[in-house]
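Presented below is the structure to which this report refers.
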Amino acid sequence: MHTLNHSISIPIGNMPPSKELFLKLENTFLIANTSEIIEIVSFKPNIEIELRGWAKLRGHLYLGRESLKEQYSYKIQKINKSSFANKSSWGKKMKGIDSSNPKLKDLELTDEILKKAPDSNGLMTRGIEPQDGTPFYDFELSHKEQVWSEPVSALYEEGKHAQWNATSDIAWNEIPTLNPIIEKAVCQIMTYLVENEFSALYIPGKFISKINPYYMEVPLFLSSLMNDEARHIEVFTKRANANGGGFQYSSEITQRSLYSLFKEDDYIKSSFLLHVMGEGTFIDLLSFLEKHMPDETTRKIIKLSKRDEIRHVAYGMEHVKSAIQQNPKRINALKNTAFRRKEFMDEVSSESSILLESLAILAGGSDSPVDYKRGFDLVEELKATMNTNRIKRLIDIGMDEELANDISNVHTPNFM
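Structure representation (structure tokens):
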């Protein structure tokens with residue numbers, strides 16, 4: 031037996047044949063390759079019967095015992111098929127550890143990120159070795175082009191650093207008493223914002239469990255995005271109820287528009303409608319609100335929320351742009367999605383009159399005829415700005431200018 035070279039040696043000292051010994055053997059043989067020889071080194075000369083019996087029970091080959099200096103070497107060869115296709119990695123140390131600043135983008139879990147996640151990848155990410163027999167999860171979104179956005183890791187890190195607290199970071203006690211007309215307009219706008227933020231919270235929630243965690247960075251980013259949206263819902267709800275007003279009205283056009291977003295079941299199309307078209311337009315609205323809100327506290331609420339939304343749009347832009355680059359035929363599919371949404375929206379009146387009047391009063395500073403007219407004109411300018419910026423985003427993701435104009439023109443008048 032001394033001519034048989036072993037690849038693994040297990041020192042067990044005076045450990046008797048016992049549950050703890052066989053647990054150690056079980057795991058050693060579990061990850062060993064077929065035909066590998068494992069040596070068990072013991073001070074005990076009389077455990078051969080137990081080791082032979084265990085090996086036979088597990089389908090391995092007991093090779094015998096050899097006397098060493100004050101110890102004994104027992105060798106067993108693994109015969110059955112290996113339970114793992116590959117050995118796990120060892121010796122890794124990611125960048126940033128020594129400076130106590132490890133970032134998600136610095137992780138090198140595998141040599142490459144595959145275009146399709148392995149079928150054996152369950153609730154685990156790249157670099158984890160699955161055992162044979164792992165259930166097939168059949169994640170709907172298992173192709174890189176379906177979910178990936180190149181800056182996703184950097185956006186995730188940015189999101190962590192940009193977190194803010196809807197309670198302690200807002201000077202709630204500094205909101206001044208406003209003219210009831212203005213306060214009512216603010217409350218109506220906050221009501222609308224809450225509705226839209228629920229859309230932005232629930233839609234990623236529909237897809238996150240469908241994304242193969244092989245592409246770990248994407249569900250992590252979407253989780254941070256959902257945390258952002260939850261905070262926005264909280265802060266807009268508090269503002270609506272902070273200053274003697276309260277929630278106002280939800281229009282049919284708003285809910286119908288959001289429903290047309292919510293019912294989309296294709297992730298790329300949903301990302302296009304939500305992030306590129308909807309939240310992109312929403313950023314212009316938030317810029318408008320930040321400029322015209324009557325007090326510093328409410329302006330800060332809008333400013334912080336807008337900062338988060340810019341990050342969400344950045345993910346969606348690169349996600350859809352990458353998907354189009356991988357398959358240019360998707361442009362036509364996205365066009366059809368936008369036009370189908372318009373057909374759905376055409377069944378009701380075109381705009382939320384309640385929202386538009388509130389925006390006009392806010393921008394004008396009062397509901398007097400002169401101020402209201404000035405505010406109304408500013409809202410019309412806002413809609414033109416939204417259209418211009420939508421076209422720019424559509425061109426940026428890979429559409430020609432004519433198509434970008436056509437798609438922008440059919441976007442929902444609800445903005446989102």
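Following this note's numbering, the numbering of the sequence shown begins with 31 at its first residue and continues without gaps. Just so it is clear, CB atoms sit at the ideal spot from N, CA and C, and this is done for glycine as well.
Secondary structure of residue i, DSSP reduced to three states
i, result
"Lys99", "coil"
"Ser183", "helix"
"Glu247", "helix"
"Leu93", "strand"
"Tyr297", "helix"
"Phe73", "coil"
"Pro46", "coil"
"Phe228", "helix"
"Tyr279", "coil"
"Gln193", "coil"
"Ile106", "strand"
"Ile354", "helix"
"Ile241", "strand"
"Phe445", "coil"
"Asn209", "coil"
"Ile127", "coil"
"Gly235", "helix"
"Thr284", "helix"
"Gly274", "coil"
Selection from the options that minimises the alpha carbon distance to residue i
i, options, result
"Glu339", "Asn35, Tyr92 and Leu231", "Leu231"
"His349", "Ile79, Glu142 and Lys174", "Lys174"
"Leu144", "Arg156, Gln101, Phe52 and Leu137", "Arg156"
"Lys351", "Phe302, Leu386 and His342", "Phe302"
"Phe277", "Phe251, Lys214, Phe312 and Asn242", "Lys214"
"Glu138", "Gly94, Tyr245 and Ala393", "Tyr245"
"Phe166", "Pro160, Ser179, Gly152 and Trp178", "Gly152"
"Ala270", "Ala85, Ile219 and Val182", "Ile219"
"Lys293", "Leu319, Val306 and Ile233", "Ile233"
"Asn362", "Ala434, Ala192 and Ser253", "Ala434"
"Ile109", "Lys122, Asn63, Asp149 and Trp84", "Asn63"
"Ile384", "Lys372, Pro324, Tyr279 and Ser183", "Tyr279"
"Tyr186", "Glu204, Val248, Thr267 and Glu373", "Val248"
"Lys268", "Asn195, Ser300, Gly308 and Leu252", "Asn195"
"Met429", "Glu142, Arg360 and Leu389", "Arg360"
"Val440", "Gln193, Ile391, Ala368 and Val409", "Ala368"
"Ile391", "Ile211, Ser380 and Asp426", "Ile211"
Spatial neighbours of residue i in its chain, beta-carbon cut-off 7 Å, leaving aside the 5 residues before and after
i, result
"Lys263", "It should be noted that the sequence gives Ile, not Lys, for residue 263. Excluding sequence neighbours, Ile263 sits near Val224, Glu227, Phe228 and Leu231."
"Leu316", "Ile332, Ser335, Lys336 and Glu339"
"Ser119", "Gly157"
"Asn242", "Ala147, Asn151, Phe169, Leu171 and Ser172"
"Glu188", "Arg341"
"Asp314", "Leu412, Thr415, Met416 and Asn419"
"Thr140", "Arg156 and Gly157"
Identified DSSP bridge partners for residue i
i, result
"Phe59", "BP columns for Phe59 are empty, so no partner."
"Met39", "A small fix is needed here, since residue 39 is Ser in this sequence, not Met. Ser39 is bridged to Glu69."
"Phe114", "Gln161"
Contacting residues, own chain, Cβ-Cβ under 6 Å from residue i (five flanking each side not counted)
i, result
"Ala201", "Thr327"
"Gly485", "As shown, the chain starts at 31 and ends at 446. That puts residue 485 outside it, with no answer to give."
"Glu204", "Thr327"
Contacts around residue i, its chain only, beta-carbon distance under 8 Å, and the 5 residues preceding and following it disregarded
i, result
"Ser382", "Tyr222, Ser281, Ile283, Thr284, Pro443 and Asn444"
"Asn44", "Ser72, Phe73 and Lys74"
"Met256", "Leu231, Pro234, Gly235 and Ile238"
"Lys86", "Tyr92"
Start-end ranges of the alpha helix (DSSP H) lying completely within the region 363-442, minimum 4 residues: 383-394, 399-426 and 431-439
Whole runs of the alpha helix (DSSP H) within the region 144-179, excluding any shorter than 4 residues: At a cut-off of 4 residues, the continuous stretches assigned as alpha helix (DSSP H) that sit fully inside the region 144-179 are 174-177.
Segments assigned alpha helix (DSSP H), at least 4 residues, entirely inside the region 300-348: 310-322
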